[in-house]
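Asks:
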Amino acid sequence: MLDIRPTCEHCNKSLPYDSREAMICTFECTFCKDCVENVLQHVCPNCGGGFEKRPIRPKQLLKKYPVSTKVVFKPVDVEAHLKRINKN
């Protein structure tokens with residue numbers, strides 16, 4: 007089951023369970039759509055994989071399957087990230 011993390015790892019923007027702006031990689035690293043498109047260039051800075059739109063957990067399942075409250079805030083070293091992805 008997905009964690010449904012509450013914020014963008016890079017900019018700390020709030021991404022509630024029903025956000026249409028939340029993007030995740032295969033390891034559930036969570037970023038907002040703006041950071042994915044304009045900062046990360048669609049490449050996860052943690053695993054190097056791509057991103058997909060995070061599914062929205064149905065409201066009626068939130069009590070039984072609560073979303074994560076753990077904030078992961080690790081702003082990306084953008085210059086190093088871009089160097090790494092442009093080498094390939």
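So the sequence shown is numbered by the working numbering: it starts at 7 and just counts up by one. For each residue, glycine too, the CB sits at the ideal point set by N, CA and C. As the structure is a computational prediction, the values presented were derived from the model and not from experiment.
Got a sec, what are the start and stop residues for the alpha helix (DSSP H) C41 sits in?
Replies: 39–44
Asks: Taking the alpha-carbon of T32 as reference, which of L88, C14, E58, V42 has the nearest alpha-carbon?
Replies: E58
Asks: Apart from the five residues on each side of it in sequence, which residues of its chain come closer than 6 Å, Cβ to Cβ, to V49?
Replies: Taking V49 as the centre and dropping the five residues before and after it, the same chain places the C-beta of I91 closer than 6 Å to its C-beta, in chain order.
Asks: Quick one: what's K59 bridged to in DSSP?
Replies: M29
Asks: Evaluate A28 with the Cβ neighbour count: other Cβ atoms within 10 Å of its Cβ, from every protein chain shown; 16 or more gives buried, anything less gives exposed.
Replies: buried
Asks: Got a sec, what are the start and stop residues for the alpha helix (DSSP H) V84 sits in?
Replies: According to the DSSP assignment, V84 belongs to the alpha helix (DSSP H) that extends over 84–92.
Asks: Quick one: Cα of N52 to Cα of C35, how far?
Replies: 8 Å
Asks: Under a Cβ-count criterion, where at least 16 other Cβ atoms within 10 Å of its own Cβ denotes burial, should L68 be classed as buried or exposed?
Replies: exposed
Asks: Return yes when the Cβ of R63 is within less than 9 Å of the Cβ of L21, no when it is not.
Replies: Cβ atoms of L21 and R63: not closer than 9 Å.
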